[in-house]
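Chains as they are written, first to last, in the numbering used here: chain A, 1 to 138; chain B, 1 to 138; chain C, 1 to 138; chain D, 1 to 138.
Ideal Cβ placement from N, Cα and C applies to all residues, glycine included.
Computed from a predicted structure; not experimentally measured.
4 protein chains.
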Amino acid sequence: MHVRATFLSDPHLASGAVNDTLMHCVEACFDCAQACISCADACLSEEGVAGLGRCIRLNLDCADACAATGPMLTRRTHASPALIQRMVETCAELCRACADECERHAEEHEHCRICAEACRACERACDAAAVSLGATGA
Amino acid sequence: MHVRATFLSDPHLASGAVNDTLMHCVEACFDCAQACISCADACLSEEGVAGLGRCIRLNLDCADACAATGPMLTRRTHASPALIQRMVETCAELCRACADECERHAEEHEHCRICAEACRACERACDAAAVSLGATGA
Amino acid sequence: MHVRATFLSDPHLASGAVNDTLMHCVEACFDCAQACISCADACLSEEGVAGLGRCIRLNLDCADACAATGPMLTRRTHASPALIQRMVETCAELCRACADECERHAEEHEHCRICAEACRACERACDAAAVSLGATGA
Amino acid sequence: MHVRATFLSDPHLASGAVNDTLMHCVEACFDCAQACISCADACLSEEGVAGLGRCIRLNLDCADACAATGPMLTRRTHASPALIQRMVETCAELCRACADECERHAEEHEHCRICAEACRACERACDAAAVSLGATGA
């Protein structure tokens, strides 16, 4: 992705310094959104779809949260770090809940295993970004 | 909008009972997202756009939060009320911040006055929805 | 919704003239997106969910198209009418396909009947907006 | 990103065969959406923002189209290839228009140069995906 390049080109980041923690979180959010959308779609193709309703709903909720957090974090310039931090913390909670649910189906469904992996990575990236935003004001 | 009809048609709402507070919040989120997108676009047409950067960014952040919250609240069936509550509370914070900023430009720009109105309405709807989700588990 | 007010506040619409056709399409897109998201969620709660996979996928596709078209049409100022027209025409096709599918389940599922209604209304609104954009350049 | 893994885990892709053209398009759409959102934000920080209104609007339009196309293409299973093809072709047009505009500012603004690069890559990926969808029905 062009995420690093876009961060480096930000006219407000003096000397092109980049906050790797925030940048990684942006990448993780877009990655997690795609994995969740894909897992929901794959769940719909499973014979046991009737038992995957909660997984599909959490996939869609998590995808929506990530699809809002990635852009907000990309648009961080001059924004209120406290607001973005709150959104990132909320996104982390949704990623955690979706990962917990997908892990329950990981042995049976490869797409749930992969989605859980992407959700855990995004959860960690959001947790780290929240700390960074809280400490430095981004 | 068809929001009420969609809530009434939910097979999991016994006797078609509808939580008016949540339903109103869904409507307010979609309304606020549109108002914020429109305000950002109108700000870009103003001679003083250079001084409206913070307003435009908050418009876009608020629109993204509302565009994630409306669907999540629509998808409430079997979802975790605590997670949705957290998202609704976060959305309320973004609506409040955007309303605060737009109100600063309300006298000068009609679109900011209207956007602030939509953001305040959504902030109140989200606050009420958060209480409802916390109390009843929706 | 505040759609009319936001259109009236656009500094580039001299004398506050409003293109009712485009305004109605914006409202229809946000309404249809919500109805589709709700129908997909309700389908997931049905015993016969295994037979509703195509309906759910079209619900989600249509919701995504509407969620992109509503904002684009809201942001029409100075934009290229031909590009917005193309998006509106594409959205109409997705609304038509989703309505066709939902109508197949309308007798059995009230949420499909309501979603089909919202999709048809959005299809018509998009068709009218496409004509308006093509004729006047919006 | 986990795109390849999510495609490989699709229970409907016999023998795990993956359509690399569609997979690459999904990656390009998410990448382009992020680059466009970032370019719009960076444009808002430029002294010459008053002259970048068209660029910002096309950034936002292109981001919305990509944010709808990536998920639709991820959800392709059992979907109508003709509908997805239409969306991909529309997305290609928006990427082309945004790239054309960003290239006009590429020498002056690095973020426009990078965004134009991401838009061209997505335009090509969408053109290739459209051919693939038209030929094979995906």
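Proline 11(C) sits in coil when the DSSP states are folded into three classes, being neither helix nor strand. In this structure, Val3(B) is the residue among Arg54(B), Gly134(B), Val3(B) and Ser132(B) with its C-alpha nearest to the C-alpha of methionine 23(B). In this model, cysteine 39(B) and cysteine 91(B) are separated by some 18 Å (Cα to Cα).
Exclusion of the five residues before and after alanine 128(B) leaves Thr21, His24 and Cys25 as the residues of its chain whose Cβ lies within less than 8 Å of its Cβ. Excluding the 5 residues flanking it on each side, cysteine 55(B) has same chain C-beta neighbours closer than 7 Å at Cys43, Glu101, Cys102, His105 and Cys112, in chain order.
Comparing alpha-carbon positions, the option among Glu108(A), Gly134(A) and Leu8(A) lying closest to glycine 48(A) turns out to be Glu108(A). Residue burial is scored here from C-beta neighbours: alanine 67(C) has at least 16 other C-beta atoms within 10 angstroms and is therefore classed as buried. When only Cα atoms are considered, glutamate 46(B) and isoleucine 114(B) end up about 16 Å apart.
In this chain, asparagine 19(B) is not harboured by any alpha helix (DSSP H), its DSSP state being neither H nor E. Counting of Cβ neighbours within 10 angstroms places alanine 125(C) among the buried residues, the total reaching 16 or more.
Interface annotation, leucine 8(D): in contact with chain A, CB-CB separation under 9 Å. Look at the region 93–111 of chain D: the residues with a C-beta under 8 Å from a C-beta of chain A are His109, Glu110 and His111. Annotation: the continuous alpha helix (DSSP H) that includes glutamate 103(C) extends over 81–104. By the CB criterion at 9 Å, glycine 70(A) and phenylalanine 7(A) fall outside the cutoff. Interface criterion met: the Cβ of proline 71(D) is under 9 Å from a Cβ in chain C. Here serine 132(B) has Asn19, Thr21, Leu22 and Ala138 as same chain residues with Cβ atoms under 8 Å from its own Cβ, once five neighbours each way along the sequence are excluded.
DSSP places serine 132(C) within a helical segment (H, G or I) once states are collapsed to three. If you check each beta-carbon in the region 36–68 of chain D against every beta-carbon of chain C, the ones closer than 7 Å belong to Gly53, Arg54, Arg57, Leu60, Asp61, Asp64, Ala65, Ala67 and Ala68. Per DSSP, reduced to three states, the secondary structure at methionine 1(B) is coil, with no helix or strand assignment.
For alanine 121(D), the closest of Asp41(D), Glu89(D), Cys32(D) and Ser80(D) by C-alpha to C-alpha distance is Cys32(D). Neighbourhood of threonine 90(A) in chain B, by CB distance below 7 Å: Arg86, Met87 and Thr90, in chain order.
Rounded to the nearest whole angstrom, the C-alpha separation of alanine 97(A) and leucine 58(A) is 7 Å.
By the neighbour-count criterion, in which 16 or more other beta carbons inside 10 Å mark a residue as buried, alanine 135(A) falls on the exposed side. Counting C-beta atoms within 10 angstroms of its own C-beta, alanine 82(C) has fewer than 16 neighbours from the protein chains shown and is therefore classed as exposed. DSSP places glutamate 46(B) in the coil class of the three-state scheme, outside both helix and strand.
Here alanine 5(A) is not near alanine 5(D), since their CB atoms are 9 Å or more apart.
Taken through DSSP and simplified to helix, strand or coil, histidine 111(D) comes out as helix. According to the DSSP assignment, arginine 57(B) belongs to the alpha helix (DSSP H) that extends over 53–74. A straight-line Cα-Cα distance of about 5 Å links cysteine 119(C) and cysteine 95(C). Straight-line measurement puts the Cα of methionine 72(D) at about 10 Å from the Cα of alanine 63(C). With distances taken between CA atoms, glutamate 93(D) lies nearest to Asp61(D) out of Gly53(D), Ser9(D), Asp61(D) and Gly51(D). For glutamate 27(B), the closest of Thr74(B), Met87(B), Asp10(B) and Glu117(B) by C-alpha to C-alpha distance is Thr74(B). With respect to chain C, the C-beta atom of arginine 4(D) has no partner C-beta closer than 9 Å.
Flagged as an interface residue toward chain B: aspartate 31(C), by a C-beta distance shorter than 9 Å. With respect to the 9 Å criterion, alanine 50(B) and valine 88(B) are not classified as neighbours on the basis of their beta carbons. For the pair alanine 65(B) and arginine 76(A), the Cα-to-Cα distance works out to about 14 Å.
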